[in-house]
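Residue numbers (my numbering), protein chains in the order written: chain A, 73 to 172; chain B, 2 to 209. Ideal placement from N, C-alpha and C gives every residue a C-beta, glycine not left out. Presented below is the structure to which this report refers.
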């Protein structure tokens with residue numbers, strides 16, 4: 073049996089890669105994919121704890137997280153399309169109308 | 002420790018975990034280092050599929066199935082649709098305000114990794130539970146008894162997301178504006194409809 077800490081370590085690595093991706097990417101679609109990566113890292117933690125504690129609640133949380141991720145992707149991609157129509161760019165640095 | 006005892010301590014589950022984990026981490030690095038978003042999306046699909054395999058090793062077959070169906074299927078198809086639809090050429094940033102931020106990424110990566118591992122070390126190692134919880138029956142039991150309120154809230158959230166994304170991505174065309182103006186004019190019309198006037202005229206003529 074693989075110990076719990078291995079799963080947690082993999083989840084930590086994935087989450088950190090997602091955070092670094094948000095920092096270094098300027099393409100807004102890639103930023104979204106990095107957010108999906110982080111959500112999946114959290115899902116792995118939840119499923120691993122659910123397995124090792126013998127409690128199904130973690131898997132229900134994963135279900136809800138997936139729902140929220142789907143809703144977030146739909147709304148976010150609609151915003152990206154609308155941004156691209158008005159600004160002709162998907163670079164996040166150029167969408168800075170609200171900046172002082 | 003000679004080779005035989007080493008081989009005896011290795012389980013097949015360890016080999017599976019290490020293989021899938023290595024593939025997952027490599028693909029995750031590929032997601033963040035590619036410049037073209039379509040390659041990032043393909044790498045992300047690999048990450049999602051390897052995570053589904055890891056869910057199977059955690060005795061969560063239902064979650065693994067919806068990971069493949071919903072995430073790798075529906076959500077990633079949505080991403081690839083948008084990438085294809087926008088069809089953005091690879092371009093250098095004109096402003097490049099964040100030029101030095103990427104050199105901060107490596108120390109930040111190491112710091113955060115150390116932080117998370119420090120937290121993980123405080124977590125004890127509970128022995129694996131004897132009865133794995135991941136059957137469809139147990140998930141449905143939990144979802145429709147204790148957690149029915151979050152379930153219903155999620156359905157309302159999905160409805161709001163559908164309506165919101167349609168509203169956001171709608172193209173405002175001149176024809177739409179004309180339609181709306183016509184409808185407003187029709188609603189505000191105070192004079193009677195022409196057909197009614199004609200009927201009245203006929204009635205007056207008959208009476209005369």
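Give the secondary structure of residue i by DSSP, where H, G and I count as helix, E and B as strand, and everything else as coil.
i: residue 163 of chain A; result: strand
i: residue 179 of chain B; result: helix
i: residue 54 of chain A; result: For residue 54 of chain A there is no data in the structure shown, the boundaries of chain A being 73 and 172.
i: residue 110 of chain A; result: helix
i: residue 101 of chain B; result: coil
i: residue 62 of chain B; result: helix
i: residue 157 of chain A; result: helix
i: residue 12 of chain B; result: coil
i: residue 35 of chain B; result: coil
i: residue 79 of chain A; result: helix
i: residue 139 of chain B; result: helix
i: residue 132 of chain B; result: coil
i: residue 86 of chain A; result: helix
i: residue 111 of chain B; result: helix
i: residue 116 of chain A; result: helix
i: residue 185 of chain B; result: helix
i: residue 88 of chain B; result: coil
i: residue 74 of chain A; result: coil
i: residue 145 of chain A; result: helix
i: residue 221 of chain B; result: For residue 221 of chain B there is no data in the structure shown, the boundaries of chain B being 2 and 209.
Apply the 10 Å Cβ neighbour rule to residue i and answer buried if 16 or more other Cβ atoms are within range, or exposed otherwise.
i: residue 167 of chain B; result: exposed
i: residue 5 of chain B; result: exposed
i: residue 148 of chain B; result: buried
i: residue 105 of chain A; result: buried
i: residue 143 of chain B; result: buried
i: residue 172 of chain B; result: exposed
i: residue 161 of chain B; result: exposed
i: residue 209 of chain B; result: exposed
i: residue 84 of chain B; result: buried
Could you tell me how far apart the beta carbons of residue i and residue j are, in whole angstroms, since I believe they sit closer than 8 angstroms?
i: residue 119 of chain A; j: residue 134 of chain A; result: 6 angstroms
i: residue 96 of chain A; j: residue 170 of chain B; result: Residue 96 of chain A to residue 170 of chain B, Cβ: 28 angstroms. No contact.
i: residue 82 of chain A; j: residue 124 of chain A; result: Not confirmed; about 14 angstroms, so no contact.
i: residue 159 of chain B; j: residue 139 of chain A; result: 6 angstroms
i: residue 165 of chain B; j: residue 147 of chain A; result: 5 angstroms
i: residue 145 of chain A; j: residue 46 of chain B; result: With 8 angstroms as the limit, residue 145 of chain A and residue 46 of chain B do not qualify as a contact, their Cβ atoms being about 14 angstroms apart.
i: residue 131 of chain A; j: residue 64 of chain B; result: 5 angstroms
Judging by CA-CA distance, which residue of the options is the nearest neighbour of residue i?
i: residue 25 of chain B; options: A/85, A/99, A/97; result: A/85
i: residue 80 of chain A; options: A/115, A/170, A/99, A/98; result: A/115
i: residue 93 of chain A; options: B/29, B/33, B/53, B/22; result: B/33
i: residue 109 of chain B; options: A/87, A/74, A/78; result: A/87
i: residue 17 of chain B; options: B/10, B/54, B/27, B/41; result: B/54
i: residue 154 of chain B; options: A/121, A/143, A/151, A/130; result: A/143
i: residue 111 of chain A; options: A/89, A/171, A/73; result: A/89
i: residue 73 of chain B; options: A/109, A/149, A/91; result: A/109
i: residue 100 of chain A; options: A/155, A/168, A/162, A/157; result: A/162
i: residue 41 of chain B; options: A/103, A/113, A/117; result: A/103
i: residue 129 of chain B; options: B/58, B/82, B/113; result: B/58
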